[in-house]
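Written out below as structure tokens is the structure these notes cover.
Number of protein chains: 2
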Amino acid sequence: MDNNYYMRQALIQAQKAFEEEEVPIGAVIVLENKIIARAYNQVERLKDCTAHAEIIALTSAFNYLGSKYLMDASIYITVEPCLMCAGALYWSKIGTIIYGADDEKNGYKRITKEVSPFHPKTKLIKNLLQDECRLLMQDFFFRKRK
Amino acid sequence: MDNNYYMRQALIQAQKAFEEEEVPIGAVIVLENKIIARAYNQVERLKDCTAHAEIIALTSAFNYLGSKYLMDASIYITVEPCLMCAGALYWSKIGTIIYGADDEKNGYKRITKEVSPFHPKTKLIKNLLQDECRLLMQDFFFRKRK
Numbered sequence: 001m002d003n004n005y006y007m008r009q010a011l012i013q014a015q016k017a018f019e020e021e022e023v024p025i026g027a028v029i030v031l032e033n034k035i036i037a038r039a040y041n042q043v044e045r046l047k048d049c050t051a052h053a054e055i056i057a058l059t060s061a062f063n064y065l066g067s068k069y070l071m072d073a074s075i076y077i078t079v080e081p082c083l084m085c086a087g088a089l090y091w092s093k094i095g096t097i098i099y100g101a102d103d104e105k106n107g108y109k110r111i112t113k114e115v116s117p118f119h120p121k122t123k124l125i126k127n128l129l130q131d132e133c134r135l136l137m138q139d140f141f142f143r144k145r146k
Numbered sequence: 001m002d003n004n005y006y007m008r009q010a011l012i013q014a015q016k017a018f019e020e021e022e023v024p025i026g027a028v029i030v031l032e033n034k035i036i037a038r039a040y041n042q043v044e045r046l047k048d049c050t051a052h053a054e055i056i057a058l059t060s061a062f063n064y065l066g067s068k069y070l071m072d073a074s075i076y077i078t079v080e081p082c083l084m085c086a087g088a089l090y091w092s093k094i095g096t097i098i099y100g101a102d103d104e105k106n107g108y109k110r111i112t113k114e115v116s117p118f119h120p121k122t123k124l125i126k127n128l129l130q131d132e133c134r135l136l137m138q139d140f141f142f143r144k145r146k
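Chains as they are written, first to last, in the working numbering: chain E, 1 to 146; chain W, 1 to 146.
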């Protein structure tokens, strides 16, 4: 399986969020070619602004592995993580972060500018399948405004 | 009750973390002069690097109130929040953040520099009872190094 495959799995999660009227962001965590966590944004359902896809996926992966580090794992996220999620990913020491669409309003880059918030050993791949990831977000906010 | 009283309540939480061999950071959330959430760092116990005192306290307060915003509440944290917790506090729109000791290694200020990561309406009070808050941290790391 390649990066595109896993990002499409994250998109399936984002689609679930969309259907539940949550901001449509999804994430999967992969270790040794196996998906060990899948999650989507559940802020509205849980009335908990920390219930972002990435945080739920991380906690799920920690529980699955019984480890608080994910050095050999990769996370696929449909949208650029926010500052909270970037901070959580830092603590996890996750091996690779792959995200889809940029988030100019809430993405970590708005605050951190030149300084990377991630662990020095974490690899970062930006804008994979960004059009599909962004379109789902645009569609969501377009419908909300109507 | 004044700010010092509530920070001492957060210190009681931090002391619990210390006794459980967790990095000794505690937090309480106060609404209308009532403590609605108390928490301490549980990263080791839960093997979950998102289980910081602030995140646990926030989720607890959201559950208690059935609301995902905390505009009228205050959080007392014994140590400067990390980037993840700063991001979570941003989302919560919490009214006031009061913290004790600075954290030069992991505090949000290391990454965000001049840009505030918090909500524009959030008030920030730094370094309340900072000596007591810092001594607990220093004692913890001194013992760990032995």
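Note that CB positions come from ideal geometry on N, CA and C, so glycine has one too. A quick note: this is a predicted structure, and the numbers were derived from the prediction, not measured.
query	result
So, is the C-beta of L31 of chain W closer than 8 Å to a C-beta in chain E?	no
Output needed in chain order: residues of the region 114-139 of chain W with a Cβ under 7 Å from some Cβ in chain E.	V115 and P117
Less than 8 Å between the beta carbons of F118 of chain W and Y90 of chain W, yes or no?	yes
In chain W, which residues lie less than 7 Å from I36 of chain E when you measure between Cβ atoms?	The contacting residues do not exist; I36 of chain E stays about 14 Å from chain W at best.
Does any residue of chain E bring its CB to less than 8 Å from the CB of I94 of chain W?	no
Is it right to say Q13 of chain E is buried, meaning 16 or more other beta carbons lie within 10 angstroms of its own, or is it exposed?	buried
Excluding the 5 residues flanking A10 of chain W on each side, which residues of the same chain have their C-beta closer than 6 Å to its C-beta?	G26, A27, V28, Y76 and T78
Does any residue of chain W bring its CB to less than 8 Å from the CB of I77 of chain E?	no
Return the bridge partner residues of G26 of chain E from the DSSP annotation.	E:Y40
Kindly indicate which three-state DSSP category A152 of chain E falls into: helix, strand or coil?	This structure gives no information on residue 152 of chain E, because the portion of chain E shown stretches from 1 to 146.
Terminal residues of the continuous alpha helix (DSSP H) containing A73 of chain E?	Where A73 of chain E is concerned, there is no enclosing alpha helix (DSSP H), given that its DSSP letter is neither H nor E.
At which residues does the beta strand (DSSP E) containing I122 of chain E begin and terminate?	The sequence given here has Thr at residue 122 of chain E, not Ile. Here T122 of chain E belongs to no beta strand (DSSP E), and DSSP marks it neither H nor E.
In the DSSP assignment, the alpha helix (DSSP H) including G87 of chain E goes from what residue to what residue?	L83 to S92
C85 of chain W and E114 of chain W - do their beta-carbons sit closer together than 8 Å?	no
What does a CB cutoff of less than 6 Å around D103 of chain E pick up in its chain, not counting 5 residues either side in sequence?	V79 and E80
Assuming R45 of chain W contacts E19 of chain W (C-beta within less than 8 Å), just tell me the rounded distance between them.	About 12 Å; that fails the 8 Å criterion.
Taking the DSSP output, what are the residues bridged to V79 of chain W?	W:A101
Hey, out of E:Y99, E:C133 and E:I94, whose CA is closest to K126 of chain E's CA?	E:Y99
In chain order, what residues of the same chain have a beta carbon less than 7 Å from the beta carbon of Q42 of chain E, not counting five sequence neighbours either side?	E22, A51 and I56
Please report the residue range of the alpha helix (DSSP H) in which Y6 of chain W lies.	N3 to E19
Please name the residues in the region 52-70 of chain E whose beta-carbon is closer than 7 Å to at least one beta-carbon of chain W, in chain order.	I55, L58, T59, F62, G66, S67 and K68
Compute the beta-carbon to beta-carbon distance between V30 of chain E and A88 of chain E, rounded to the nearest angstrom, for a pair I have assumed lies under 8 Å.	Their Cβ separation, rounded to whole angstroms, is 17 Å, which puts V30 of chain E and A88 of chain E out of contact at 8 Å.
With 16 other CB atoms within 10 Å as the buried threshold, where does M71 of chain W fall?	exposed
Provide the residue(s) that pair with T96 of chain E in DSSP beta bridges, ordered along the chain.	E:S74 and E:K123
How would you list, in chain order, the residues of chain E whose beta-carbon sits under 7 Å from the beta-carbon of D48 of chain W?	T59, F62 and K68
What are the partner residues of K34 of chain E, as DSSP defines its beta bridges?	E:L31
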